[in-house]
Amino acid sequence: MSPSAATTFSTTVHRFESPTPHNTAFETGSANAKNALVFIGGLGDGPFTVYYPRAISAALSDQQNQDLSCSLFEFRLGSSYTQFGFKRLADDVADIAALIRYLRSIGKRKIVLMGHSTGTQDCMEYVSSAYPANPPVDGFILQAPACDRAALLMDMGAERLEQSVQTARDMIAAGRGHERMSTEIVPPGIFDVPISADRWYSLSAKDGGDNYFDPDFTHDEARGFWQRFDKPLLILHSGADEYVPPSVDKAGLIRQWQALCRPGVASDLSGTIPGADHRVEKPPGEAERWLVDTVVKFLKQSV
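The numbering of the sequence shown is full-length UniProt numbering, which starts it at 1 and goes up by one.
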(Lines of atoms letter the chains of each structure in order from A; the text may use other names.)
(Lines give C-alpha, C1' and ligand atoms only; values in the text may rest on other atoms or scores of the structure.)
Protein backbone atom coordinates (compact mmCIF):
# COMPACT_ATOMS: atom_id res chain seq x y z
CA MET A 1 0.00 0.00 0.00
CA SER A 2 1.28 3.47 -0.83
CA PRO A 3 2.23 5.49 2.27
CA SER A 4 -0.16 8.20 1.12
CA ALA A 5 -3.12 5.80 1.35
CA ALA A 6 -2.64 5.10 5.06
CA THR A 7 -5.66 6.06 7.14
CA THR A 8 -3.63 6.46 10.34
CA PHE A 9 -0.15 7.87 10.84
CA SER A 10 1.88 9.60 13.52
CA THR A 11 2.67 13.29 13.59
CA THR A 12 4.32 15.77 15.93
CA VAL A 13 2.23 18.87 16.57
CA HIS A 14 3.95 22.25 16.86
CA ARG A 15 2.16 25.32 18.19
CA PHE A 16 3.57 28.58 16.84
CA GLU A 17 2.74 32.28 16.79
CA SER A 18 1.05 33.31 13.55
CA PRO A 19 -1.42 35.87 12.18
CA THR A 20 -3.87 32.94 12.14
CA PRO A 21 -4.78 32.51 15.83
CA HIS A 22 -3.96 29.30 17.69
CA ASN A 23 -1.98 27.99 14.75
CA THR A 24 -0.36 24.59 14.58
CA ALA A 25 2.04 22.79 12.26
CA PHE A 26 2.26 19.03 11.85
CA GLU A 27 5.61 17.31 11.38
CA THR A 28 5.92 13.81 9.93
CA GLY A 29 9.16 11.89 9.74
CA SER A 30 12.09 12.20 12.10
CA ALA A 31 11.53 14.83 14.78
CA ASN A 32 15.33 15.09 15.04
CA ALA A 33 15.77 16.06 11.39
CA LYS A 34 17.99 19.08 10.79
CA ASN A 35 16.07 20.27 7.72
CA ALA A 36 12.42 20.82 6.76
CA LEU A 37 10.22 20.49 3.67
CA VAL A 38 7.13 22.68 4.14
CA PHE A 39 4.09 21.63 2.09
CA ILE A 40 1.47 24.24 1.10
CA GLY A 41 -1.76 23.03 -0.49
CA GLY A 42 -4.22 24.70 -2.83
CA LEU A 43 -7.73 26.15 -2.67
CA GLY A 44 -9.82 24.10 -0.26
CA ASP A 45 -6.82 22.26 1.13
CA GLY A 46 -5.51 22.10 4.67
CA PRO A 47 -3.26 19.73 6.58
CA PHE A 48 -3.49 16.18 5.19
CA THR A 49 -6.06 16.83 2.44
CA VAL A 50 -3.45 16.12 -0.25
CA TYR A 51 -2.22 12.55 0.04
CA TYR A 52 1.20 12.46 -1.60
CA PRO A 53 3.08 14.35 1.17
CA ARG A 54 2.72 11.15 3.23
CA ALA A 55 4.67 9.28 0.54
CA ILE A 56 7.33 12.00 0.39
CA SER A 57 7.68 11.91 4.17
CA ALA A 58 8.07 8.13 4.10
CA ALA A 59 10.76 8.39 1.43
CA LEU A 60 12.64 11.01 3.41
CA SER A 61 12.63 8.62 6.37
CA ASP A 62 14.10 5.75 4.32
CA GLN A 63 17.55 4.61 5.41
CA GLN A 64 18.95 5.44 1.97
CA ASN A 65 17.86 9.06 2.39
CA GLN A 66 19.03 9.58 5.96
CA ASP A 67 21.74 11.95 4.71
CA LEU A 68 19.00 14.46 3.85
CA SER A 69 17.95 14.65 7.53
CA CYS A 70 14.64 16.18 6.45
CA SER A 71 11.15 15.99 7.89
CA LEU A 72 7.92 17.26 6.32
CA PHE A 73 5.64 19.97 7.72
CA GLU A 74 2.04 20.83 6.93
CA PHE A 75 0.15 23.63 8.64
CA ARG A 76 -3.07 25.59 8.72
CA LEU A 77 -3.27 28.80 6.73
CA GLY A 78 -5.94 31.38 7.44
CA SER A 79 -7.24 30.46 3.97
CA SER A 80 -7.27 26.70 4.59
CA TYR A 81 -10.27 24.50 3.84
CA THR A 82 -13.30 26.71 3.08
CA GLN A 83 -11.79 30.07 4.13
CA PHE A 84 -10.00 30.98 0.90
CA GLY A 85 -12.90 33.02 -0.51
CA PHE A 86 -12.20 35.99 1.76
CA LYS A 87 -8.40 35.72 2.08
CA ARG A 88 -5.49 36.88 -0.08
CA LEU A 89 -2.12 35.47 -1.09
CA ALA A 90 -0.65 38.13 1.19
CA ASP A 91 -2.43 36.50 4.14
CA ASP A 92 -0.93 33.13 3.20
CA VAL A 93 2.52 34.68 2.95
CA ALA A 94 2.21 36.12 6.47
CA ASP A 95 1.36 32.66 7.84
CA ILE A 96 4.18 31.02 5.88
CA ALA A 97 6.72 33.58 7.12
CA ALA A 98 5.56 32.97 10.71
CA LEU A 99 6.15 29.23 10.33
CA ILE A 100 9.59 29.75 8.77
CA ARG A 101 10.59 31.97 11.71
CA TYR A 102 9.40 29.28 14.11
CA LEU A 103 11.32 26.54 12.29
CA ARG A 104 14.48 28.63 12.39
CA SER A 105 13.93 29.19 16.11
CA ILE A 106 13.91 25.43 16.78
CA GLY A 107 17.11 24.90 14.80
CA LYS A 108 16.01 23.82 11.33
CA ARG A 109 18.94 24.58 9.03
CA LYS A 110 17.63 24.24 5.48
CA ILE A 111 13.98 24.86 4.64
CA VAL A 112 12.32 24.19 1.28
CA LEU A 113 8.82 25.33 0.38
CA MET A 114 6.73 22.93 -1.71
CA GLY A 115 3.53 24.35 -3.14
CA HIS A 116 0.68 22.42 -4.74
CA SER A 117 -1.81 24.29 -6.96
CA THR A 118 -2.49 27.67 -5.28
CA GLY A 119 0.38 26.76 -2.96
CA THR A 120 2.63 27.38 -5.97
CA GLN A 121 1.18 30.89 -6.23
CA ASP A 122 1.94 31.33 -2.53
CA CYS A 123 5.56 30.43 -3.26
CA MET A 124 5.71 32.97 -6.08
CA GLU A 125 4.12 35.59 -3.83
CA TYR A 126 6.53 34.76 -0.99
CA VAL A 127 9.54 35.88 -3.03
CA SER A 128 7.94 39.14 -4.14
CA SER A 129 9.84 42.31 -3.29
CA ALA A 130 6.65 43.46 -1.55
CA TYR A 131 7.72 41.38 1.47
CA PRO A 132 11.33 42.35 2.24
CA ALA A 133 11.06 41.10 5.84
CA ASN A 134 10.20 37.51 4.85
CA PRO A 135 12.80 35.09 6.24
CA PRO A 136 14.70 33.43 3.37
CA VAL A 137 14.34 29.76 2.50
CA ASP A 138 16.67 27.41 0.67
CA GLY A 139 14.61 26.13 -2.24
CA PHE A 140 11.21 25.85 -3.87
CA ILE A 141 9.13 23.09 -5.47
CA LEU A 142 6.09 24.03 -7.57
CA GLN A 143 3.70 21.14 -8.27
CA ALA A 144 0.64 21.74 -10.46
CA PRO A 145 1.23 25.47 -11.13
CA ALA A 146 -2.11 25.79 -12.88
CA CYS A 147 -3.77 29.05 -13.92
CA ASP A 148 -7.13 29.60 -12.20
CA ARG A 149 -8.21 32.02 -14.94
CA ALA A 150 -7.58 29.39 -17.64
CA ALA A 151 -9.44 26.75 -15.62
CA LEU A 152 -12.40 29.09 -15.12
CA LEU A 153 -12.48 29.85 -18.84
CA MET A 154 -12.96 26.12 -19.48
CA ASP A 155 -15.73 25.99 -16.89
CA MET A 156 -17.61 29.23 -17.56
CA GLY A 157 -16.72 30.31 -21.09
CA ALA A 158 -15.11 33.62 -22.01
CA GLU A 159 -18.25 35.79 -22.07
CA ARG A 160 -19.60 34.66 -18.72
CA LEU A 161 -16.17 34.87 -17.06
CA GLU A 162 -15.53 38.40 -18.32
CA GLN A 163 -18.96 39.48 -17.09
CA SER A 164 -18.06 38.18 -13.63
CA VAL A 165 -14.69 39.98 -13.76
CA GLN A 166 -16.45 43.24 -14.64
CA THR A 167 -18.92 42.77 -11.80
CA ALA A 168 -16.04 42.25 -9.37
CA ARG A 169 -14.22 45.27 -10.81
CA ASP A 170 -17.30 47.45 -10.32
CA MET A 171 -17.79 46.25 -6.73
CA ILE A 172 -14.15 46.96 -5.91
CA ALA A 173 -14.37 50.45 -7.44
CA ALA A 174 -17.44 51.12 -5.28
CA GLY A 175 -15.57 50.12 -2.12
CA ARG A 176 -17.41 46.80 -1.87
CA GLY A 177 -14.53 44.47 -2.67
CA HIS A 178 -14.92 42.71 0.67
CA GLU A 179 -18.51 41.74 -0.10
CA ARG A 180 -19.62 38.36 -1.41
CA MET A 181 -20.11 37.83 -5.12
CA SER A 182 -23.69 36.94 -6.03
CA THR A 183 -24.36 33.27 -6.74
CA GLU A 184 -26.00 34.41 -9.97
CA ILE A 185 -22.57 35.64 -11.10
CA VAL A 186 -20.42 32.93 -9.51
CA PRO A 187 -22.51 29.73 -9.33
CA PRO A 188 -21.98 27.67 -6.16
CA GLY A 189 -20.65 24.77 -8.22
CA ILE A 190 -17.53 26.72 -9.16
CA PHE A 191 -15.92 26.66 -5.71
CA ASP A 192 -18.79 25.70 -3.36
CA VAL A 193 -17.78 28.45 -0.93
CA PRO A 194 -18.69 32.14 -0.61
CA ILE A 195 -16.13 34.35 -2.35
CA SER A 196 -15.52 38.08 -2.17
CA ALA A 197 -15.23 40.40 -5.16
CA ASP A 198 -11.57 41.01 -4.25
CA ARG A 199 -10.71 37.31 -4.27
CA TRP A 200 -12.73 36.57 -7.39
CA TYR A 201 -10.99 39.34 -9.29
CA SER A 202 -7.61 38.10 -8.08
CA LEU A 203 -8.37 34.59 -9.33
CA SER A 204 -10.17 35.37 -12.59
CA ALA A 205 -8.79 38.60 -14.07
CA LYS A 206 -5.72 38.65 -16.30
CA ASP A 207 -4.18 41.28 -14.03
CA GLY A 208 -5.43 39.50 -10.88
CA GLY A 209 -3.00 38.96 -8.04
CA ASP A 210 -3.26 35.16 -8.27
CA ASN A 211 -2.58 35.04 -12.00
CA TYR A 212 1.08 34.02 -12.10
CA PHE A 213 0.96 31.04 -14.45
CA ASP A 214 -1.24 32.21 -17.32
CA PRO A 215 -0.22 30.25 -20.45
CA ASP A 216 -1.19 33.30 -22.52
CA PHE A 217 1.40 35.56 -20.91
CA THR A 218 4.14 36.84 -23.21
CA HIS A 219 7.74 36.27 -22.13
CA ASP A 220 7.95 39.91 -21.11
CA GLU A 221 4.82 39.62 -18.97
CA ALA A 222 6.05 36.47 -17.20
CA ARG A 223 9.78 37.20 -16.88
CA GLY A 224 9.51 39.42 -13.82
CA PHE A 225 7.75 36.69 -11.86
CA TRP A 226 10.33 34.00 -12.59
CA GLN A 227 13.26 36.35 -11.99
CA ARG A 228 12.16 36.57 -8.35
CA PHE A 229 13.64 33.17 -7.53
CA ASP A 230 17.28 33.10 -6.48
CA LYS A 231 17.32 29.66 -4.84
CA PRO A 232 17.02 26.19 -6.42
CA LEU A 233 13.62 25.71 -8.06
CA LEU A 234 11.84 22.54 -9.22
CA ILE A 235 8.78 22.98 -11.49
CA LEU A 236 6.48 19.98 -11.92
CA HIS A 237 3.28 20.16 -13.95
CA SER A 238 0.87 17.23 -13.75
CA GLY A 239 0.88 15.59 -17.18
CA ALA A 240 -2.90 15.12 -17.33
CA ASP A 241 -3.95 18.04 -15.13
CA GLU A 242 -7.70 18.46 -15.51
CA TYR A 243 -7.45 22.17 -14.66
CA VAL A 244 -5.10 22.99 -17.52
CA PRO A 245 -6.60 23.48 -21.01
CA PRO A 246 -5.77 20.49 -23.27
CA SER A 247 -4.31 22.91 -25.81
CA VAL A 248 -1.50 23.91 -23.43
CA ASP A 249 1.88 22.29 -24.06
CA LYS A 250 2.79 21.82 -20.40
CA ALA A 251 6.31 20.55 -21.07
CA GLY A 252 6.94 23.44 -23.44
CA LEU A 253 5.56 25.91 -20.92
CA ILE A 254 7.93 24.63 -18.25
CA ARG A 255 10.87 25.03 -20.63
CA GLN A 256 9.80 28.63 -21.21
CA TRP A 257 9.61 29.27 -17.47
CA GLN A 258 13.03 27.69 -16.93
CA ALA A 259 14.50 29.98 -19.57
CA LEU A 260 12.98 33.02 -17.86
CA CYS A 261 14.63 32.17 -14.53
CA ARG A 262 18.02 33.43 -13.47
CA PRO A 263 20.84 31.18 -14.74
CA GLY A 264 21.25 27.99 -12.73
CA VAL A 265 18.11 28.43 -10.62
CA ALA A 266 15.57 26.13 -12.34
CA SER A 267 16.42 22.45 -11.93
CA ASP A 268 16.91 20.21 -14.97
CA LEU A 269 14.65 17.74 -13.14
CA SER A 270 11.71 20.04 -13.88
CA GLY A 271 9.05 18.60 -16.17
CA THR A 272 5.66 16.92 -16.31
CA ILE A 273 4.60 14.07 -14.05
CA PRO A 274 3.64 11.37 -16.57
CA GLY A 275 -0.12 10.91 -16.78
CA ALA A 276 -0.76 12.56 -13.40
CA ASP A 277 -3.96 14.36 -12.52
CA HIS A 278 -3.90 17.65 -10.62
CA ARG A 279 -3.50 16.09 -7.15
CA VAL A 280 -1.26 13.23 -8.33
CA GLU A 281 -3.80 10.62 -7.24
CA LYS A 282 -4.09 9.09 -10.72
CA PRO A 283 -2.79 6.90 -12.20
CA PRO A 284 -2.71 5.15 -8.80
CA GLY A 285 0.81 4.60 -7.51
CA GLU A 286 2.74 5.35 -10.69
CA ALA A 287 2.44 9.12 -10.75
CA GLU A 288 3.07 9.42 -7.03
CA ARG A 289 6.23 7.28 -7.21
CA TRP A 290 7.58 9.44 -10.05
CA LEU A 291 6.87 12.60 -8.04
CA VAL A 292 8.45 11.27 -4.85
CA ASP A 293 11.59 10.07 -6.64
CA THR A 294 12.00 13.43 -8.39
CA VAL A 295 11.51 15.45 -5.21
CA VAL A 296 14.11 13.36 -3.37
CA LYS A 297 16.59 13.71 -6.25
CA PHE A 298 16.06 17.47 -6.28
CA LEU A 299 16.67 17.77 -2.55
CA LYS A 300 19.84 15.69 -2.82
CA GLN A 301 21.22 17.56 -5.82
CA SER A 302 20.25 21.13 -5.14
CA VAL A 303 19.61 21.87 -1.48
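Backbone N, C-alpha and C define an ideal beta-carbon position, used for all residues, glycine too. Model, not experiment: these values are computed from the prediction.
Considered as a whole, the segment 99 to 134 harbours 111 to 116 as its complete beta strand (DSSP E) runs of no fewer than 3 residues, in chain order.
Here His278 is buried. Its C-beta has 16 or more other C-beta atoms within 10 Å.
Leaving aside the five residues that flank Ser267 on each side, the residues in its chain whose CB is nearer than 7 Å to its CB run, in chain order, Pro232, Leu233, Leu234, Phe298, Ser302.
With respect to Ala94, Pro19 sits close: the two C-beta atoms are nearer than 8 Å.
Rounded to the nearest whole angstrom, the C-alpha separation of Ala173 and Asp192 is 25 Å. The segment 253 to 261 and the segment 159 to 167 do not touch, with fewer than 3 CB-CB distances between them shorter than 8 Å. Inter-residue distance for Phe48 and Ser4 is about 10 Å (C-alpha atoms, whole angstroms).
The alpha carbon of Phe75 has as its nearest neighbour, out of Thr218, Tyr243, Met114, Ala59, the alpha carbon of Met114.
Look at Ile40 here: in three-state DSSP terms it is strand.
Close CB contacts of Pro194 within its chain, under the 6 Å cut and outside five residues either way in sequence, are with Gly85, Arg180 (chain order). Of the residues assessed, Ala276 falls on the buried side of the cut-off, its CB having 16 or more other CB atoms within 10 angstroms. Linking Thr12 to Leu269 through their CA atoms gives a straight-line distance of about 31 Å. Take the alpha-carbon of Pro283 and the one of Arg289: they are about 10 Å apart. Boundaries of the beta strand (DSSP E) around Val13: 12 to 15.
With fewer than 16 other CB atoms across the displayed protein chains lying within 10 angstroms of its CB, Ile106 is exposed.
The beta carbon of Val127 sits closer than 7 Å to the beta carbons of Arg228, Phe229 from its chain, once the five residues preceding and following it are set aside; these are given in chain order. In terms of CA proximity to Gln143, Gly239 leads the group His22, Asp210, Gly189, Gly239. Under DSSP, Ala266 shares a beta bridge with Leu233. Across the structure, Ser71 and Phe39 are spaced so that their CA atoms are roughly 11 Å apart. The beta carbon of Ser57 sits closer than 6 Å to those of Thr28, Gly29, Leu72, all from its chain and outside the five residues before and after it, given in chain order. With respect to the 8 Å criterion, Tyr51 and Met124 are not classified as neighbours on the basis of their beta carbons. Secondary structure note for Glu162: its alpha helix (DSSP H) is the uninterrupted segment 158 to 173. Ile141 is positioned such that its CB atom lies no closer than 8 Å to that of Asp122.
Excluding five sequence positions before and after Ser69, the CB atoms of its chain that fall closer than 6 Å to its own CB belong to Ala33, Lys34, Asn35, given in chain order. Going by DSSP, Leu72 is part of the beta strand (DSSP E) stretching over 70 to 75.
Taking 8 Å as the upper bound for CB-CB distance, Ala146 and Tyr81 are not in contact here, some 19 Å apart. Shown here, Phe9 sits in coil according to DSSP, grouped into three states, outside any helix or strand.
The beta-carbon separation of Arg149 and Lys206, rounded to 7 Å, stays under the 8 Å limit for a contact.
With fewer than 16 other Cβ atoms from the protein chains shown falling within 10 Å of its own Cβ, Arg262 counts as exposed.
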